[in-house]
Amino acid sequence: MAETMRAVVVPRHGGPEVLEVVSRPRPSPGGGEVLLQVKAAGVNHLDTFVRRGMPGITLPLPMIPGSDASGLVAAVGAGVAGLEAGDRVFVSSGYSCERCRACLSGNEPLCRFYGLLGEHRDGTQAEFVVLRASQALPLPPGVSFEEGAAFPLVFLTAWHMLVARAAVRQGEEVLVHAGGSGVGSAAIQIAKLHGARVLTTVGGAEKGAKAKALGADEVIDSRTSDFLAETRRLTGKRGVDVVVENVGQETWEKSLLALAKGGRLVTCGATTGYEAKTNLSHLFFKWLSLLGSTMGSRAELLQIADLVAARRLRPVLDRVLPFEQAAEAHRLIAARAVFGKIVLTP
Ligand SMILES: [Zn+2]
Numbered sequence: 018m019a020e021t022m023r024a025v026v027v028p029r030h031g032g033p034e035v036l037e038v039v040s041r042p043r044p045s046p047g048g049g050e051v052l053l054q055v056k057a058a059g060v061n062h063l064d065t066f067v068r069r070g071m072p073g074i075t076l077p078l079p080m081i082p083g084s085d086a087s088g089l090v091a092a093v094g095a096g097v098a099g100l101e102a103g104d105r106v107f108v109s110s111g112y113s114c115e116r117c118r119a120c121l122s123g124n125e126p127l128c129r130f131y132g133l134l135g136e137h138r139d140g141t142q143a144e145f146v147v148l149r150a151s152q153a154l155p156l157p158p159g160v161s162f163e164e165g166a167a168f169p170l171v172f173l174t175a176w177h178m179l180v181a182r183a184a185v186r187q188g189e190e191v192l193v194h195a196g197g198s199g200v201g202s203a204a205i206q207i208a209k210l211h212g213a214r215v216l217t218t219v220g221g222a223e224k225g226a227k228a229k230a231l232g233a234d235e236v237i238d239s240r241t242s243d244f245l246a247e248t249r250r251l252t253g254k255r256g257v258d259v260v261v262e263n264v265g266q267e268t269w270e271k272s273l274l275a276l277a278k279g280g281r282l283v284t285c286g287a288t289t290g291y292e293a294k295t296n297l298s299h300l301f302f303k304w305l306s307l308l309g310s311t312m313g314s315r316a317e318l319l320q321i322a323d324l325v326a327a328r329r330l331r332p333v334l335d336r337v338l339p340f341e342q343a344a345e346a347h348r349l350i351a352a353r354a355v356f357g358k359i360v361l362t363p
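Residue numbers (the numbering used here): 18 to 363.
Quick look at the structure:
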């Protein structure tokens, strides 16, 4: 039987309009793999980069985008232990060799074979997706499929930035850029969970109120005020201990100036460009640390899932749309008209 499935596809690089929903053969799991019946698939900024194309990176097109998903195990391949058809799971989108020093020390993203579903191979925005069994993690009871598709990539990114890289501590002050973004809305909660005072930039009063509801102590409206001046004012001219950066070129210089002595800037992305300027005298006189971060470990993801199950971290769902509106999801993200995450359903 030639069973098919529906999938969102990036057939070629371009604007949101290039996205299509097409019929594809339903994949089947090989040894060590499982077939996931997708109930919900998250949309990330990454999807828009994959759609547009990234300078210097060749992607295997056409490709199914999507790095987050949750659903039910539909079938298991040979040699898979501990998973069976019907299990509720969510996807750990990163995969790696699982046997090198980076992998075995919990630094999988540093593995030379590290890849992400939806970037290096077909992703999750399809009715079915084949995963390595190690990528199918138990979705805790009480966590919905939509939530299970909303939290993994952004919470893992923010957790690794704040906890593993910046080592945020009780009583510190943290500035989170773009508190309404997926990573930003996760970072606010994670910094609060670790006892920090959180300042965050948002575009507009409505997003400000939502950021406060997530626990942000101070909200800076990036449309009407200068975040550097506001950060100085709100910290009594001291600056913050940690800046969570994902904006890049547009904010970099001021982010450095917003740091207190001994402060750490941690970055996971540069949505406004990579060519940022760094004043080295600030770097050494103030003992600043610049920290890069991308994704995180599967152990961290399991810890996050426990905290989500315990409702100590809350996936932030902006809206749920059908696959057919994937282009609309990309447009909303580009227009910054989203607070938290958009999730697609088949
Ligand atoms: Zn490895």
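Positions of the beta carbon are idealized from the N, C-alpha and C atoms, including for glycine.
Since the model is a prediction, treat every value here as computed from it, not as a measurement.
Beta-carbon proximity check, residue 90 vs residue 106, cutoff 7 Å: Against the sequence shown, residue 90 aligns to sequence position 73. Against the sequence shown, residue 106 aligns to sequence position 89. Yes, the pair counts as a contact, with Cβ atoms nearer than the cut-off.
Around the C-beta of residue 207, are 16 or more other C-beta atoms found within 10 angstroms, so that it is buried, or is it exposed? One-based indexing of the sequence shown puts residue 207 at position 190. Result: buried.
With a cut-off of 7 Å, does the C-beta of residue 192 fall near any C-beta of chain B? Absent from the structure: chain B. Only one protein chain is present.
Using the three-state DSSP reduction, which class does residue 52 fall into: helix, strand or coil? Translated into the one-based positions of the sequence shown, residue 52 becomes position 35. Strand.
Is DSSP giving residue 227 helix, strand or coil here? If you number the sequence shown from 1, residue 227 lands on position 210. Taken through DSSP and simplified to helix, strand or coil, residue 227 comes out as helix.
Is the CB-CB distance between residue 55 and residue 102 below 7 Å? Stepping through the sequence shown from its first residue, residue 55 is reached at position 38. Stepping through the sequence shown from its first residue, residue 102 is reached at position 85. Result no, Cβ atoms of residue 55 and residue 102 do not sit closer than 7 Å.
For residue 14, the residue or residues it bridges with in DSSP: Nothing in the structure corresponds to residue 14, since the chain is present only between 18 and 363.
Roughly how many whole angstroms lie between the Cα atoms of residue 116 and residue 217? Taking the sequence shown and counting its residues from 1, the one referred to as residue 116 is at position 99. Taking the sequence shown and counting its residues from 1, the one referred to as residue 217 is at position 200. Their Cα atoms are separated by approximately 39 Å.
On the three-state DSSP scale, how would you describe residue 306? Translated into the one-based positions of the sequence shown, residue 306 becomes position 289. In this structure, DSSP gives residue 306 an extended state, which the three-state scheme calls strand.
Looking at residue 94: is its Cβ nearer than 7 Å to the Cβ of residue 46? The residue you call residue 94 lines up with position 77 of the sequence shown. The residue you call residue 46 lines up with position 29 of the sequence shown. Pairing residue 94 with residue 46 gives a Cβ-Cβ distance under 7 Å.
Per DSSP, the bridge partner or partners of residue 275: In the sequence shown, counting from the first residue as 1, residue 275 sits at position 258. Residue 275 is not bridged to any residue.
On the DSSP letters alone, give me the boundaries of the alpha helix (DSSP H) that residue 362 sits inside. Here the question's residue 362 lines up with position 345 in the sequence shown. Careful: residue 362 lies outside any alpha helix (DSSP H), inside the beta strand (DSSP E) at 358-362.
Run through DSSP, which three-state label would residue 87 get? What you label residue 87 is simply residue 70 of the sequence shown in a count that begins at 1. Strand, per DSSP.
What separation, rounded to the nearest whole angstrom, lies between the Cα atoms of residue 258 and residue 215? Locating residue 258 in the sequence shown gives position 241, counting from the first residue. Locating residue 215 in the sequence shown gives position 198, counting from the first residue. Distance between the alpha carbons of residue 258 and residue 215 is about 10 Å.
Under 8 Å: do the stretch 294-307 and the stretch 327-337 share three or more Cβ pairs, one atom per stretch? no
Just the Cα atoms here: how many angstroms apart are residue 230 and residue 48? Counted from its first residue, the sequence shown places residue 230 at position 213. Counted from its first residue, the sequence shown places residue 48 at position 31. So the two alpha carbons sit approximately 46 Å from each other.
To the nearest angstrom, report how far apart residue 271 and residue 202 are at their CA atoms. Counting from one through the sequence shown, the residue named residue 271 turns up at place 254. Counting from one through the sequence shown, the residue named residue 202 turns up at place 185. The alpha-carbon atoms of residue 271 and residue 202 are separated by roughly 21 Å.
Tell me where the beta strand (DSSP E) around residue 67 begins and ends. Indexing the sequence shown from 1 puts residue 67 at position 50. Unbroken run through residue 67 is the alpha helix (DSSP H), 62-69; no beta strand (DSSP E).
Taking only three categories from DSSP, how would you classify residue 343? For the purposes of this step, residue 343 is taken as the residue at position 326 of the sequence shown. Residue state, collapsed to three classes: helix.
Does the stretch 288-296 touch the stretch 310-326, meaning 3 or more C-beta pairs lie closer than 8 Å? no
Limits of the unbroken beta strand (DSSP E) element including residue 118: As a first step, residue 118 must be located in the sequence shown, where it is residue number 101. Careful: residue 118 lies outside any beta strand (DSSP E), inside the alpha helix (DSSP H) at 118-121.
Taking C-beta to C-beta, are residue 141 and residue 58 nearer than 7 Å? For the purposes of this step, residue 141 is taken as residue 124 along the sequence shown, with counting starting at 1. For the purposes of this step, residue 58 is taken as residue 41 along the sequence shown, with counting starting at 1. Yes, these two residues count as a Cβ contact at 7 Å.
Run of the alpha helix (DSSP H) containing residue 169, from where it starts to where it stops: Position 152 of the sequence shown holds residue 169. 169-176 is the span of the alpha helix (DSSP H), which, as asked, contains residue 169.
Excluding the five sequence neighbours on either side, which residues of its own chain have a C-beta within less than 7 Å of the C-beta of residue 170, listed in chain order? Translated into positions along the sequence shown, residue 170 becomes position 153. Once the five neighbours on either side are set aside, the close Cβ partners of residue 170 are 59, 61, 84, 85 and 110.
Residues near residue 38 by beta carbon distance below 8 Å, same chain, minus five either side: Here residue 38 is taken as the residue at index 21 of the sequence shown, counted from 1. These residues qualify, in order along the chain: 23, 24, 25, 26, 340, 341 and 343.
In terms of residues, what are the limits of the beta strand (DSSP E) holding residue 41? If you number the sequence shown from 1, residue 41 lands on position 24. That run of the beta strand (DSSP E) goes 37-42.
At a cut-off of 6 Å, would you count residue 113 as near ligand 1, judging by its Cβ distance to the nearest heavy atom? By one-based count along the sequence shown, residue 113 stands at place 96. Yes, the beta carbon of residue 113 sits closer than 6 Å to at least one heavy atom of ligand 1.
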